[in-house]
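**Q**
There are 2 protein chains.
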Amino acid sequence: MNTQSLPLVLFMDKLKQFLRQIVPISDEEFGKAIPYFEIKNLKKGEYFVHQNKICRQIAFINKGSLKTYYINHKSDEVTSCFCSGHCFVTSYKSFIKQVPSELAIQAMEDVELLVISREGLYKLYDISSIWQTIGRILAENEYLVMEKYASVLNNESAKEKYLRLMEEQPDILQKASVEDIASYLGVTRRTLSRIRKEISNM
Amino acid sequence: MNTQSLPLVLFMDKLKQFLRQIVPISDEEFGKAIPYFEIKNLKKGEYFVHQNKICRQIAFINKGSLKTYYINHKSDEVTSCFCSGHCFVTSYKSFIKQVPSELAIQAMEDVELLVISREGLYKLYDISSIWQTIGRILAENEYLVMEKYASVLNNESAKEKYLRLMEEQPDILQKASVEDIASYLGVTRRTLSRIRKEISNM
DNA sequence: TAAACTTAGGGACATTTGTCCTTTATTTTA
DNA sequence: TAAAATAAAGGACAAATGTCCCTAAGTTTA
Chain A
38 MNTQSLPLVL
48 FMDKLKQFLR
58 QIVPISDEEF
68 GKAIPYFEIK
78 NLKKGEYFVH
88 QNKICRQIAF
98 INKGSLKTYY
108 INHKSDEVTS
118 CFCSGHCFVT
128 SYKSFIKQVP
138 SELAIQAMED
148 VELLVISREG
158 LYKLYDISSI
168 WQTIGRILAE
178 NEYLVMEKYA
188 SVLNNESAKE
198 KYLRLMEEQP
208 DILQKASVED
218 IASYLGVTRR
228 TLSRIRKEIS
238 NM
Chain B
38 MNTQSLPLVL
48 FMDKLKQFLR
58 QIVPISDEEF
68 GKAIPYFEIK
78 NLKKGEYFVH
88 QNKICRQIAF
98 INKGSLKTYY
108 INHKSDEVTS
118 CFCSGHCFVT
128 SYKSFIKQVP
138 SELAIQAMED
148 VELLVISREG
158 LYKLYDISSI
168 WQTIGRILAE
178 NEYLVMEKYA
188 SVLNNESAKE
198 KYLRLMEEQP
208 DILQKASVED
218 IASYLGVTRR
228 TLSRIRKEIS
238 NM
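Chain order of the listed sequences is A and B.
The numbers in the first sequence follow the numbering used here, run straight up by one, and end at 239.
The numbers in the second sequence follow the numbering used here, run straight up by one, and end at 239.
(1) Count the other CB atoms, across all protein chains shown, that sit within 10 Å of the CB of residue 138 of chain A; report buried if there are 16 or more and exposed otherwise.
(2) Report the residue ranges of all alpha helix (DSSP H) runs contained in full by the stretch 159-207 of chain B; include only those spanning at least 4 residues, in chain order.
(3) Mark residue 199 of chain B as exposed unless 16 or more other C-beta atoms lie within 10 angstroms of its C-beta, in which case mark it buried.
(4) Tell me which same chain residues have a C-beta within less than 7 Å of the C-beta of residue 86 of chain B, skipping the five on either side of it?
(5) Taking its Cβ as the centre, do 16 or more other Cβ atoms sit within 10 Å of residue 208 of chain B, making it buried, or is it exposed?
(6) Kindly list the residues whose CB is nearer than 6 Å to the CB of residue 40 of chain B, restricted to its own chain and excluding five residues on each side of it in sequence; keep chain order.
(7) Pull up the distance between the alpha-carbon of residue 81 of chain B and that of residue 103 of chain B, whole angstroms please.
(8) Quick one: is residue 111 of chain A buried, meaning 16 or more other Cβ sit within 10 Å of its Cβ, or exposed?
(9) Look at the Cβ atom of residue 240 of chain B, then the Cβ atom of residue 146 of chain B, and state whether they are nearer than 9 Å.
(10) Closer than 7 Å by beta-carbon distance: list the chain A residues that pair up with residue 89 of chain B, in chain order.
(11) Could you tell me how far apart the beta carbons of residue 224 of chain A and residue 187 of chain A are, in whole angstroms, since I believe they sit closer than 8 Å?
(12) Distance cutoff 9 Å, beta carbons only. Does residue 61 of chain A sit that close to anything in chain B?
(13) Can you round the beta-carbon distance between residue 94 of chain B and residue 153 of chain B to whole angstroms, since I take them to be within the 8 Å contact cut?
(14) Residue 130 of chain A touches chain B at which residues, Cβ-Cβ below 7 Å?
(15) Would you give the residue range spanned by the beta strand (DSSP E) that residue 94 of chain B belongs to?
(16) Just the C-alpha distance for residue 216 of chain B and residue 77 of chain B, rounded to the nearest angstrom, thanks.
(17) Mapping the DSSP letters down to three states, classify residue 88 of chain B as helix, strand or coil.
(18) Ordered along the chain, which non-local residues of its own chain (more than five positions away) have a Cβ less than 7 Å from that of residue 222 of chain A?
(19) Which one or two residues does DSSP pair with residue 79 of chain A in a beta bridge?
(20) Throw me the rounded Cβ distance for the residue 175 of chain B and residue 97 of chain B pair, which I believe falls under 8 Å.
(21) What would DSSP say about residue 39 of chain A, mapped onto helix, strand or coil?
(22) Are the Cβ atoms of residue 73 of chain B and residue 157 of chain B separated by less than 9 Å?
(23) Report yes or no: is there a C-beta of chain B within less than 9 Å of the C-beta of residue 160 of chain A?
(24) Let me see if you follow: with CB-CB separation under 9 Å, is residue 117 of chain B close to chain A or not?
(25) Which residues mark the beginning and the end of the alpha helix (DSSP H) in which residue 132 of chain A is found?
(26) Name, please, each residue of chain A whose Cβ falls closer than 9 Å to the Cβ of residue 109 of chain B.
(27) Keeping to the same chain, check which residues put their C-beta closer than 6 Å to that of residue 109 of chain B; ignore five residues upstream and five downstream.
(28) Under the three-state reduction of DSSP, which class applies to residue 222 of chain A: helix, strand or coil?
(29) Would you call residue 203 of chain B buried or exposed, if buried means 16 or more other Cβ atoms sit within 10 Å of its Cβ?
Listed below in structure tokens is the structure:
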């Protein structure tokens with residue numbers, strides 16, 4: 038079946054459910070947004086955002102998982118986030134400041150995204166105050182997510198972070214490489230190997 | 038001289054300068070905000086935000102320096118930020134969600150703050166679209182500051198962080214205790230002592 | 001299918017950091 | 001001002017982590 042020929046609305050149900058957890062939105066109000074979204078399919082390894090390119094879109098993950106990473110001053114790839122399940126993904130700093138993205142966002146498996154451009158989103162803000170509210174809450178959420186991330190970096194050991202990953206995103210442990218998981222935890226592969234051994238002995 | 042009896046406007050000049058770096062604002066527009074601010078003086082050791090209390094204000098630092106800290110799961114105080122110079126301070130998560138603050142914000146020396154309540158700020162949003170813009174940019178800035186913080190946590194060694202502190206906030210090295218600086222760097226006092234020795238031999 | 005390549009696990013040793021403790025200098029209090 | 005309390009520096013050893021390997025298993029390519 039060629040999914041591209043089906044009406045877009047059929048693919049936007051998860052998004053509607055997701056938004057209704059944030060703010061009550063009628064079918065009518067939601068309907069206004071449909072023309073501004075489009076489907077984007079990525080194969081494993083392809084990029085939603087390239088490093089050093091300006092990020093001009095926000096994506097909602099309909100299916101699949103992605104990782105975000107950057108290159109540090111030792112030229113290592115550092116994984117900063119595993120994105121799976123139904124949520125928004127963007128390189129937020131690049132998106133709001135329209136500067137080149139330090140982050141790359143890459144598909145870890147085939148993914149289906151619902152994508153809206155910055156221009157489209159701003160038009161939605163103009164035509165609908167509920168979308169303005171959604172935009173503000175989205176921004177606040179980005180702050181809260183980042184604060185949580187910083188708190189985890191500050192307070193949890195690599196082992197605790199690994200256990201959290203097992204708990205919250207067990208699928209990622211299958212889909213990501215040892216290198217990616219280790220850099221996400223902030224340790225070397227060798228230490229990750231020790232952590233896994235410790236956990237298997239618990 | 039009793040500073041309390043002088044007109045508030047005399048104390049708000051630094052704030053005006055600070056805002057004009059963000060957005061052009063006329064004297065008239067700025068004047069509208071004056072009634073919503075008040076001066077708050079804190080002695081060394083006193084708190085602007087208490088842990089577990091809801092934060093209902095934002096402060097602009099007119100004079101002095103503060104630190105933000107929280108208690109981690111090992112019951113250690115962890116310093117997360119040293120605030121000095123002219124900038125805004127608040128426990129942002131608590132402020133936007135109106136939940137008890139994990140952070141405490143404490144004066145490291147006598148400080149003079151310009152304080153606006155959440156209600157006052159929201160009223161300013163209503164009466165002036167430029168203040169709405171300021172509010173949004175403030176929120177985006179909080180995101181960017183937190184992202185920067187996370188990036189430093191992720192990418193810099195304790196020694197690099199110490200050198201950055203020497204560079205960017207040298208006054209803090211005098212005002213904060215060894216414990217505070219060490220927990221800010223994410224190491225023990227012992228390691229900070231080694232870092233200082235290393236740097237003095239450079 | 002065999003050879004080449006990639007990936008994960010783990011051994012051996014070096015380096016870094018933490019823990020515990022003592023010494024010294026500085027500040028506070030009686 | 002002397003005694004007590006607090007704060008910072010650093011020694012000695014233990015624990016954790018990194019570096020540099022090698023091996024084995026799985027995957028890709030000729």
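C-beta atoms are modelled at their ideal positions from N, C-alpha and C, and glycine is treated no differently.
**A** Well, looking at it:
(1) For this step, residue 138 of chain A is matched to residue 101 along the first sequence. Counting the other Cβ atoms within 10 Å of the Cβ of residue 138 of chain A gives 16 or more, which makes it buried.
(2) The stretch 159-207 of chain B contains these whole alpha helix (DSSP H) runs: 166-192 and 195-205.
(3) Within the second sequence, the letter at position 162 stands for residue 199 of chain B. Burial call: buried.
(4) Looking up residue 86 of chain B in the second sequence gives position 49. Closer than 7 Å at Cβ, skipping near neighbours: 92, 128, 138, 140, 141 and 142.
(5) Taking the first residue of the second sequence as 1, we reach residue 208 of chain B at position 171. Exposed is the call here.
(6) Numbered from 1 along the second sequence, position 3 holds the residue referred to as residue 40 of chain B. A caution first: residue 40 of chain B carries a pLDDT of 49, below 50, which makes its placement in the model unreliable, though a value can still be read off. Take residue 40 of chain B, set aside five residues on each side of it, and no residue of its chain has a beta-carbon closer than 6 Å to its own.
(7) Residue numbering aside, residue 81 of chain B sits at position 44 when the second sequence is read from its first letter. Residue numbering aside, residue 103 of chain B sits at position 66 when the second sequence is read from its first letter. Approximately 9 Å, taken between the alpha carbons.
(8) Against the first sequence, residue 111 of chain A aligns to sequence position 74. With fewer than 16 other beta carbons inside 10 angstroms of its own, residue 111 of chain A counts as exposed.
(9) No information on residue 240 of chain B is available, as it lies outside the stretch 38 to 239 that chain B covers here.
(10) Translated into the one-based positions of the second sequence, residue 89 of chain B becomes position 52. Going along chain A, no residue has its Cβ under 7 Å from residue 89 of chain B, so there is no contact; the nearest lies around 16 Å.
(11) Numbered from 1 along the first sequence, position 187 holds the residue referred to as residue 224 of chain A. Numbered from 1 along the first sequence, position 150 holds the residue referred to as residue 187 of chain A. No, residue 224 of chain A and residue 187 of chain A are not in contact; Cβ-Cβ is about 18 Å, not under 8 Å.
(12) Against the first sequence, residue 61 of chain A aligns to sequence position 24. Under the Cβ distance rule, residue 61 of chain A does not count among the residues neighbouring chain B, no pair being separated by less than 9 Å.
(13) Locating residue 94 of chain B in the second sequence gives position 57, counting from the first residue. Locating residue 153 of chain B in the second sequence gives position 116, counting from the first residue. Their Cβ separation, rounded to whole angstroms, is 7 Å, which keeps residue 94 of chain B and residue 153 of chain B in contact under 8 Å.
(14) Within the first sequence, numbered from 1, the residue matching residue 130 of chain A stands at position 93. Going along chain B in sequence order, the residues near residue 130 of chain A (Cβ under 7 Å) are 181 and 184.
(15) Taking the second sequence and counting its residues from 1, the one referred to as residue 94 of chain B is at position 57. Counting along the chain, the beta strand (DSSP E) containing residue 94 of chain B begins and ends at 94-100.
(16) In the second sequence, the residue the question calls residue 216 of chain B occupies position 179. In the second sequence, the residue the question calls residue 77 of chain B occupies position 40. Answer to the nearest angstrom: the Cα atoms are 28 Å apart.
(17) Counting from 1 along the second sequence, the entry for residue 88 of chain B is found at position 51. DSSP, read as helix, strand or coil, puts residue 88 of chain B in coil.
(18) Along the first sequence, one-based indexing puts residue 222 of chain A at 185. For residue 222 of chain A, where only same-chain residues beyond five positions count, the Cβ hits under 7 Å are 195, 198, 199 and 229.
(19) Taking the first sequence and counting its residues from 1, one reaches residue 79 of chain A at position 42. A/148, per the DSSP bridge assignment.
(20) Looking up residue 175 of chain B in the second sequence gives position 138. Looking up residue 97 of chain B in the second sequence gives position 60. With a Cβ gap of about 11 Å, residue 175 of chain B and residue 97 of chain B do not count as contacting.
(21) For the purposes of this step, residue 39 of chain A is taken as the residue at position 2 of the first sequence. Annotation note: pLDDT 45 at residue 39 of chain A (below 50); position unreliable, no value reported.
(22) Within the second sequence, residue 73 of chain B is the residue found at index 36, counting from 1. Within the second sequence, residue 157 of chain B is the residue found at index 120, counting from 1. Cβ distance < 9 Å, so residue 73 of chain B and residue 157 of chain B count as in contact.
(23) The residue you call residue 160 of chain A lines up with position 123 of the first sequence. No, its Cβ sits nowhere closer than 9 Å to a Cβ of chain B.
(24) Reading the second sequence from its first residue, position 80 is the one you call residue 117 of chain B. Answer yes: the Cβ-Cβ gap between residue 117 of chain B and chain A drops below 9 Å somewhere.
(25) Translated into positions along the first sequence, residue 132 of chain A becomes position 95. Counting along the chain, the alpha helix (DSSP H) containing residue 132 of chain A begins and ends at 129-134.
(26) The count along the second sequence starts at 1 and reaches residue 109 of chain B at position 72. Result: 191 and 192.
(27) The residue you call residue 109 of chain B lines up with position 72 of the second sequence. Here the set comprises 115.
(28) What you label residue 222 of chain A is simply residue 185 of the first sequence in a count that begins at 1. Reduced to three states, the DSSP call for residue 222 of chain A is helix.
(29) For the purposes of this step, residue 203 of chain B is identified with residue 166 of the second sequence, where counting begins at 1. Residue environment: residue 203 of chain B is assigned as exposed (fewer than 16 neighbouring CB atoms within 10 Å of its CB, all protein chains considered).
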